[in-house]
Amino acid sequence: MNAINWFELFVSNFERAKDFYERALATPLEVMDGMGGRMALLPHTPESGVGGCLSESAEQQSGIGGTRVYLNVEGHLDAVVSRTPSAGGVIIQSKMSIAPHGFIAVIKDSEGNEVGLHSMS
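Heads up: the sequence shown begins at 1 in the UniProt record's numbering, then just goes up one per residue.
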């Protein structure tokens, strides 16, 4: 059983955030209506893993707030980090080893959220 089964990254500008993640992750995001606005689903396998989305909400704010989620970018960590600045983000922590648990990096997305990236390779 996973400790986390879903997460939401609250965004202040939905289209800008969607564009950032599509460019940084090099994959289209599916958009659907959420409880308080639109949601853009981040890549995941619902049957076997943790999922998450970008979430448009009038009640929630984006930015640094004490929570950091790590996106699984298995085998693509270097590529995602290298695309981050041109997609509108900032690299906070370059790739670093957390042996024996792989590698991480930390970026700031287009909405000011600090997001961790993880890959075993």
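For glycine and all other residues, C-beta sits at the position ideal for the given N, C-alpha and C.
Bear in mind that the values here come from a model prediction, so they are computed numbers and not experimental data.
Secondary structure at residue 24: helix, using DSSP grouped into helix, strand and coil. Burial check for residue 109: the Cβ neighbour count within 10 Å reaches 16 or more, so the residue is buried. Membership of residue 78 in the alpha helix (DSSP H) is indicated by the continuous run 77-87. Taking residue 30 as the centre and dropping the five residues before and after it, the same chain places the C-beta of 40 and 41 closer than 8 Å to its C-beta, in chain order. In the structure shown, residue 38 falls within a strand segment according to DSSP collapsed to helix, strand and coil.
Taking a C-beta distance under 8 Å as the contact criterion, residue 62 and residue 112 qualify as a contact pair. In the structure shown, residue 17 adopts helical secondary structure according to DSSP, grouped into three states.
Scanning 82, 55, 121 and 12 for the CA closest to the CA of residue 107 turns up 82.
According to the DSSP assignment, residue 52 belongs to the beta strand (DSSP E) that extends over 51-56. Spanning the alpha carbons of residue 74 and residue 114 requires a straight line of approximately 19 Å.
Rounded to whole angstroms, residue 60 and residue 8 show a C-alpha spacing of 10 Å. Here residue 86 is exposed: its Cβ has fewer than 16 other Cβ atoms, across all protein chains shown, within 10 Å.
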